[in-house]
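Here's the structure, in structure tokens; my notes come after.
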Amino acid sequence: MPRVRVGGQLYFLTLDNTSLSLQQVSSVDVMPYVYPYSVLSGVFPTGNEYYEPCIKATINYDTGDTAVLMMVFESEEERNSVVSKIQYYAERTFSEGSSEKADDSPESYKSGENYGENFEDSDFKDYMSHNNYESSSSDHNPYSRQTFDEYKYSQGSLSLIEKISGFLRYPGETFSSVTSDELKSGIIYAFLMLLMFSVVNVFISAVIASAISPENTIYGVLLNSVPELVRLILEYFIFGALCVLAYGLLVFFMTKIMRQEFHLAESLQTTLYSTTPLGTIGLIPLFGVFIAPIWMVFLQYKGLYDCLDSDPKCAAVSAFIPALIMLLIFYYIVVSGEVAFI
Numbered sequence: 100m101p102r103v104r105v106g107g108q109l110y111f112l113t114l115d116n117t118s119l120s121l122q123q124v125s126s127v128d129v130m131p132y133v134y135p136y137s138v139l140s141g142v143f144p145t146g147n148e149y150y151e152p153c154i155k156a157t158i159n160y161d162t163g164d165t166a167v168l169m170m171v172f173e174s175e176e177e178r179n180s181v182v183s184k185i186q187y188y189a190e191r192t193f194s195e196g197s198s199e200k201a202d203d204s205p206e207s208y209k210s211g212e213n214y215g216e217n218f219e220d221s222d223f224k225d226y227m228s229h230n231n232y233e234s235s236s237s238d239h240n241p242y243s244r245q246t247f248d249e250y251k252y253s254q255g256s257l258s259l260i261e262k263i264s265g266f267l268r269y270p271g272e273t274f275s276s277v278t279s280d281e282l283k284s285g286i287i288y289a290f291l292m293l294l295m296f297s298v299v300n301v302f303i304s305a306v307i308a309s310a311i312s313p314e315n316t317i318y319g320v321l322l323n324s325v326p327e328l329v330r331l332i333l334e335y336f337i338f339g340a341l342c343v344l345a346y347g348l349l350v351f352f353m354t355k356i357m358r359q360e361f362h363l364a365e366s367l368q369t370t371l372y373s374t375t376p377l378g379t380i381g382l383i384p385l386f387g388v389f390i391a392p393i394w395m396v397f398l399q400y401k402g403l404y405d406c407l408d409s410d411p412k413c414a415a416v417s418a419f420i421p422a423l424i425m426l427l428i429f430y431y432i433v434v435s436g437e438v439a440f441i
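The working numbering numbers the first residue of the sequence shown as 100 and each following residue consecutively.
As structure tokens, this is what we get:
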């Protein structure tokens, strides 16, 4: 039973005489999505931006609406075989003499045999001739293909290291793969990012201050006073946590203003995972503390867009306007000196 990725989730793909079924790997007790061949059109092989083998099909609903189904496969051979089987079963469904073909089998369509020769879809033939998309050749692919194992999309769960790496390298795909995570997973993740940010930056500040300005009463004496060091780390952590929470709430309220119907937990989850730069880029001495918030806002946008399927314009407004508000608050509390925090 082949496994395919659809929208960041992993499914078991099943083909029978009448329909195509998708059963979510992480929820095998949930009813599968079933698409009769009669509602599918424009089925042809393609590739996504990462040069992964895909099948693209159009779903035609009774209401007249249509939707695009993009299934990502582990290999071209598997993709080719499935395309041929869908074509075979679809022909049987629509042929007048389908009852006479009851004993036929799609074996001759497997493993790419006669691949494309019996497929009557002109888009398929045009694609094959134009792109030379053969299962035995990868000359069209100048880049390495992203594999299923890279993010372990099965079960919709990633390890901590994979999440950190994924949010920095492939934020859209990683946000899609954590859609099934519980809110407590995001809270623990943000806790670790903020903790690393606080500990490392306070320690770096203490080292620099002790070398440049040892008479400084706040940072200059930290290396000689463990209680003061711990106190400052806690202040950094609490202040950072309050900022993240405030930003997350502002993002949620902004999505409501933009008429995006998200739950508070869903919106906060994207904000919590957007703290990745704080625990990574934010650890770079001197420059990281300025770059990390900018990258965090970008991740917030990607979270709303890729994880919650928000409209791109609404996602951008919902991510950047709260960031500007937070910048003004930060300036008033920290930079202007109107409020004494430390």
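All residues carry an ideal CB built from backbone N, CA and C; glycine is no exception.
All of these numbers come straight from a predicted model, not from anything done at the bench.
Practice task
For the segment 283-335, list the beta strand (DSSP E) runs that are entirely contained and at least 3 residues long, ordered along the chain.
Solution key: none
Practice task
Following the continuous beta strand (DSSP E) through Phe429, name the residue where it begins and the one where it ends.
Solution key: Locating residue 429 in the sequence shown gives position 330, where the first residue counts as 1. Unbroken run through Phe429 is the alpha helix (DSSP H), 411-429; no beta strand (DSSP E).
Handout entry: Pairwise C-alpha distance: Val350 and Ala391
Key = On the sequence shown, position 292 is the one that residue 391 refers to. On the sequence shown, position 251 is the one that residue 350 refers to. Distance between the alpha carbons of Ala391 and Val350 is about 18 Å.
Exercise for the section: Go to Val396, then tell me how far its beta strand (DSSP E) extends in each direction, as first and last residue. Expected result: Against the sequence shown, residue 396 aligns to sequence position 297. It is not in any beta strand (DSSP E) - Val396 instead sits in the alpha helix (DSSP H) that spans 387-401.
Practice task
Using alpha carbons as the reference points, say which of Glu334, Val301, Leu341 lies closest to Leu322.
Solution key: On the sequence shown, position 223 is the one that residue 322 refers to. With distances taken between Cα atoms, Leu322 lies closest to Val301.
Exercise for the section: Quick one: grab the DSSP three-state call for Leu44. Expected result: An answer regarding residue 44 cannot be provided, because it is not within the stretch 100 to 441 covered by the chain.
Exercise for the section: Examine the Cβ distances between the segment 366-373 and the segment 326-333 and report whether three or more of them are shorter than 8 Å. Expected result: no
Practice task
Would you mind sorting Asp408 into buried or exposed? The rule is 16 or more other CB atoms within 10 Å of its CB.
Solution key: In the sequence shown, the residue the question calls residue 408 occupies position 309. So Asp408 counts as exposed.
Exercise for the section: Can you say whether Arg178 is buried or exposed, counting buried as having 16 or more other CB atoms within 10 angstroms of its CB? Expected result: For the purposes of this step, residue 178 is taken as residue 79 along the sequence shown, with counting starting at 1. Buried.
Practice task
Answer yes or no: do Ser275 and Cys413 have a C-beta to C-beta separation smaller than 8 Å?
Solution key: By one-based count along the sequence shown, residue 275 stands at place 176. By one-based count along the sequence shown, residue 413 stands at place 314. No, the pair does not count as a contact, with Cβ atoms beyond the cut-off.
Practice task
Go ahead and pull the three-state DSSP assignment for Tyr149.
Solution key: For the purposes of this step, residue 149 is taken as residue 50 along the sequence shown, with counting starting at 1. Note: Tyr149 maps to coil in three-state DSSP.
Problem - Burial state of Ala364, where buried means 16 or more other Cβ atoms lie within 10 Å - result: Taking the sequence shown and counting its residues from 1, one reaches residue 364 at position 265. Flag for Ala364 reads exposed.
Practice task
Note down, in chain order, each residue of its chain lying with its Cβ closer than 6 Å to the Cβ of Met100, except the 5 sequence neighbours on either side.
Solution key: Reading the sequence shown from its first residue, position 1 is the one you call residue 100. If we look at Met100 and ignore the five residues flanking it on each side, its Cβ neighbours are Phe111.
Practice task
Identify the continuous beta strand (DSSP E) that holds Gln359 and give its terminal residues.
Solution key: The residue given as residue 359 occupies position 260 in the sequence shown. Gln359 -> no beta strand (DSSP E), and no H or E assigned at all.
Practice task
Can you grab the Cα-Cα spacing for the pair Ser304 / Met295, in whole Å?
Solution key: The residue given as residue 304 occupies position 205 in the sequence shown. The residue given as residue 295 occupies position 196 in the sequence shown. So the two alpha carbons sit approximately 14 Å from each other.
Exercise for the section: May I have the straight-line CA-CA distance separating Arg358 from Cys153, to the nearest angstrom? Expected result: Numbered from its first residue, the sequence shown carries residue 358 at position 259. Numbered from its first residue, the sequence shown carries residue 153 at position 54. Roughly 33 Å between the two C-alpha positions.
Practice task
Taking all protein chains shown into account, decide if Lys401 is buried (16 or more other Cβ within 10 angstroms of its Cβ) or exposed.
Solution key: As a working mapping, residue 401 is identified with position 302 in the sequence shown. By the 10 Å Cβ count, Lys401 comes out buried.
Handout entry: Local conformation of Ile383 per DSSP, three classes
Key = Position 284 of the sequence shown, counting from 1, holds the residue named residue 383. In this structure, Ile383 counts as coil in the three-state DSSP scheme.
Handout entry: Strand pairing of Lys184, partner residues [DSSP]
Key = Reading the sequence shown from its first residue, position 85 is the one you call residue 184. Bridge partners of Lys184: none, in fact.
Practice task
Check the C-beta distance from Met353 over to Pro421 and give it rounded, since I have them as a contact under 8 Å.
Solution key: Here residue 353 refers to the residue found at position 254 of the sequence shown. Here residue 421 refers to the residue found at position 322 of the sequence shown. Yes, Met353 and Pro421 are in contact; Cβ-Cβ is about 6 Å, under 8 Å.
Exercise for the section: Would you identify the three-state DSSP class for Phe143, choosing helix, strand or coil? Expected result: Residue mapping note: residue 143 aligns to position 44 of the sequence shown, counting from 1. In the structure shown, Phe143 sits in a strand (DSSP, three-state: E or B).
Practice task
Measure the alpha-carbon distance for Arg104 versus Leu385 and round it to whole angstroms.
Solution key: As a first step, residue 104 must be located in the sequence shown, where it is residue number 5. As a first step, residue 385 must be located in the sequence shown, where it is residue number 286. Going from the Cα of Arg104 to the Cα of Leu385 covers about 41 Å.
Exercise for the section: Leaving out five residues on either side along the sequence, give the residues of the same chain with a beta carbon under 6 Å from the beta carbon of Ile185. Expected result: The residue given as residue 185 occupies position 86 in the sequence shown. So the list reads Val142, once near-sequence residues are dropped.
Problem - C-beta contact flag for Ala340 and Leu282 at 8 Å - result: Within the sequence shown, the letter at position 241 stands for residue 340. Within the sequence shown, the letter at position 183 stands for residue 282. No, the Cβ-Cβ distance between Ala340 and Leu282 is not below 8 Å.
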